[in-house]
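Step one of this worksheet: look at the structure below.
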Amino acid sequence: MKFYITAASLFAASFFSAQSIKFEELPMSEILAKAGRVGKPVFLDAYASWCGPCKMMERNVFVKKEVADFYNENFINAHLDMEKGEGREIARKYQVYSYPTYLFLNANGEVLYRGGGYLEPDDFISLGRRVANPLVKEGNAKERFEKGEKDPEFLKSAVQLFAATDPEFAKKVSERYFANKKDRQLSREELSMLLSYIRSTNDANYKYFFENKAEITKLLPEEVYRQFNEQILISDALAKAINTSDGSINAGIYRKEIAGKVPGEEAEAGLARYEMNFYLTSGNFEKFEETALAFFKDGNGFDPADLVQPAMLISEHSNDARSLKTASAWLEKSVMSRETVQNTYALAKIYLKTGKKQEARMFAERALQLAESGNLDTNPVKELLNEL
């Protein structure tokens, strides 16, 4: 019996090994040399032994047949602990600061593409497909672009490939695409390429956006077009009014720049949102509270979800009874609209702070139910319940 168990175990180990990504157990120099000989890029899984998502990738993703088949066919695969042996040098060279990091290298050790984090099998294969694209695999997309390449399919592919890893380059590619576009008709893919790379009225794509409103609004509701345009104009005015040394804003300059371009209510909302963010990031919670109360008022007319963060911040940093009462009202509106872990937890916290322990417990228990049903972190809610 012992023989049969051992044989079965060996068969199972052999079977599952065959289904997994085949990682080369060689020094990195030899892995790169092999990549050069066979004409494939290197996939390097840069991990750490203590990393939970790394272990999940090994257990749940690398062993999937479809994943293993794709990576074994298209890459020379390497798997190195970044905190041991040769891994330390590689981590320094490629600036690996988080785990897992996925490095795709050519035979010279140059980075073609990088990704990271836990990915489901389909997403992990999609990552590999992007790298297997000849534009990335050959590593000459930027060189072709610099030489003046205008082929529309090349440009579309390059935008998609570099959107996450080099957005500034992707922006340049997008601008060349629309500068050379012959027909006015737009696809949804093209619309996304256009809007994703407009940050200012000075951007080349803004001119196309402004001059082709009729075509754009065949795909985009006119109200959304208007709102998008207003946000660009507000961003321009903010940029001219911001003190670059400390990030503060001159409201007078902003109002002068935006006058007549955007309706007054939207213009003031843009200013208030910038000021709230500035006060928050600079740690000036007193001014944040003042600005938030003036902006949101009774909360009517706002998306209830937008009321949660300012209410939580006021709850955490203010002891003013009127401010806490207003923040409570915001959270009550949000909860009545749709219960979430965030708004029920925040309402429980503010009720506790204002002495309403019974109500606090009720909403804390509801927050716990929502967290458990959504498989979310329950520790903050449990800590709050312990206080009650």
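Note that the sequence shown covers residues -18 to -1, 1 to 370 in mature numbering (1 follows the signal peptide of the UniProt record, and there is no 0).
A virtual CB, placed ideally from N, CA and C, is assigned to each residue, including glycine.
Counting Cβ pairs, one atom from each stretch, are 3 or more of them under 8 Å apart for the segment 304 to 311 and the segment 321 to 336?
yes
Please go through the same chain and pick out, in chain order, the residues whose beta-carbon is closer than 6 Å to the beta-carbon of S355, but skip the five residues on each side of it.
Within the sequence shown, the letter at position 373 stands for residue 355. So no residue of the chain qualifies.
Rounded Cβ spacing between F86 and Y95 (contact assumed at less than 8 Å)
Here residue 86 refers to the residue found at position 104 when the sequence shown is read from its first residue. Here residue 95 refers to the residue found at position 113 when the sequence shown is read from its first residue. In this structure F86 is in contact with Y95, their Cβ atoms being roughly 4 Å apart against a cut-off of 8 Å.
Tell me, please, which residues DSSP counts as bridged to I58.
In the sequence shown, counting from the first residue as 1, residue 58 sits at position 76. Partner(s): V24.
Does DSSP classify F284 as helix, strand or coil?
Taking the sequence shown and counting its residues from 1, the one referred to as residue 284 is at position 302. Correct three-state label for F284: coil.
Return the bridge partner residues of D63 from the DSSP annotation.
Residue numbering aside, residue 63 sits at position 81 when the sequence shown is read from its first letter. DSSP output for D63 lists Y29 as bridge partner(s).
Segment limits, beta strand (DSSP E) that includes G98:
Taking the sequence shown and counting its residues from 1, one reaches residue 98 at position 116. Counting along the chain, the beta strand (DSSP E) containing G98 begins and ends at 93 to 98.
Which residue's Cα is closest to the Cα of K47: D104, A73, K37, A30?
Taking the sequence shown and counting its residues from 1, one reaches residue 47 at position 65. Among D104, A73, K37, A30, the Cα nearest to that of K47 belongs to D104.
Tell me the start and end of each unbroken beta strand (DSSP E) in the segment 269 to 331 that is at least 3 residues and wholly inside, in chain order.
none
Cut-off 7 Å between Cβ atoms - residues of its own chain near Y53, not counting five sequence neighbours on either side
Walking along the sequence shown from the start, residue 53 turns up at place 71. Counting only Cβ-Cβ distances below 7 Å, and skipping sequence neighbours, we find I3, F25, N59, G110.
Return the residue from the list A73, F5, A196 that minimises the CA-CA distance to L168.
One-based indexing of the sequence shown puts residue 168 at position 186. Nearest of A73, F5, A196 to L168, Cα basis: A196.
H299 burial status per 10 Å Cβ neighbour count (16 or more: buried):
Position 317 of the sequence shown, counted from the start, is the residue given in the question as residue 299. With fewer than 16 other Cβ atoms within 10 Å, it is exposed.
Does the pairing of the segment 284 to 299 with the segment 268 to 275 give three or more beta-carbon distances under 8 Å?
With a cut-off of 8 Å, the segment 268 to 275 and the segment 284 to 299 count as touching, because enough Cβ pairs lie within range.
Beta bridge counterpart(s) of residue 372 as assigned by DSSP:
In the structure as shown, the chain begins at -18 and stops at 370. Residue 372 is therefore absent and cannot be evaluated.
Who pairs with L85 in a beta bridge, going by DSSP?
Numbered from its first residue, the sequence shown carries residue 85 at position 103. Its beta-bridge partners are L26, R96.
Could you tell me whether the segment 17 to 24 touches the segment 67 to 79, where touching means 3 or more Cβ pairs closer than 8 Å?
no
Residue from N187, G98, Y159 with nearest C-alpha to N127
Along the sequence shown, read from residue 1 onward, the residue named residue 127 stands at position 145. A small correction: the amino acid at residue 127 is Phe; Asn does not occupy that position in the sequence shown. Scanning N187, G98, Y159 for the CA closest to the CA of F127 turns up Y159.
Hey, how far is the Cα of I214 from the Cα of K37?
If you number the sequence shown from 1, residue 214 lands on position 232. If you number the sequence shown from 1, residue 37 lands on position 55. Each residue's alpha carbon lies about 44 Å from the other.
Output needed for R166: all residues of its chain with C-beta closer than 8 Å, excluding positions within five of it in sequence on either side, in chain order.
For the purposes of this step, residue 166 is taken as the residue at position 184 of the sequence shown. Contacts found: N194, E197.
F5 - partner residues in DSSP beta bridges:
As a working note, residue 5 is residue 23 in the sequence shown. Answer is N59, bridged to F5.
CB-CB length for S363 against A342, believed under 8 Å:
By one-based count along the sequence shown, residue 363 stands at place 381. By one-based count along the sequence shown, residue 342 stands at place 360. The sequence shown places Val at residue 363, rather than the Ser named in the question. 12 Å between Cβ atoms; not a contact.
Check whether the Cβ atoms of E248 and E205 lie closer than 8 Å to each other.
Within the sequence shown, the letter at position 266 stands for residue 248. Within the sequence shown, the letter at position 223 stands for residue 205. No, they are not a contact pair.
Nonlocal neighbours in the same chain, by C-beta distance under 6 Å from G252, ignoring five residues either side:
Position 270 of the sequence shown, counted from the start, is the residue given in the question as residue 252. Excluding residues within five positions, the ones whose Cβ falls inside 6 Å are I216.
Measuring alpha carbon to alpha carbon, tell me which of K335, R19, I180 ends up nearest N90.
Here residue 90 refers to the residue found at position 108 of the sequence shown. Residue R19 is the option with its Cα nearest to N90.
Within its chain, find whatever has a CB closer than 6 Å to the CB of L352; leave out the 5 residues flanking it on each side and keep chain order.
Residue 352 sits at position 370 when you count from the first residue of the sequence shown. Only V323 meet the Cβ criterion.
When DSSP labels each residue in this structure, what does A73 get in the three-state scheme?
Residue mapping note: residue 73 aligns to position 91 of the sequence shown, counting from 1. Three-state result, A73: helix.
If you count every other CB in all the chains shown that lies within 10 Å of the CB of R112, and 16 or more means buried, which is it?
Along the sequence shown, one-based indexing puts residue 112 at 130. R112 is buried by the Cβ-count criterion.
With F345 as the anchor, note down where its alpha helix (DSSP H) starts and where it stops.
Here the question's residue 345 lines up with position 363 in the sequence shown. Looking at the DSSP string, the run of the alpha helix (DSSP H) that includes F345 is 339 to 355.
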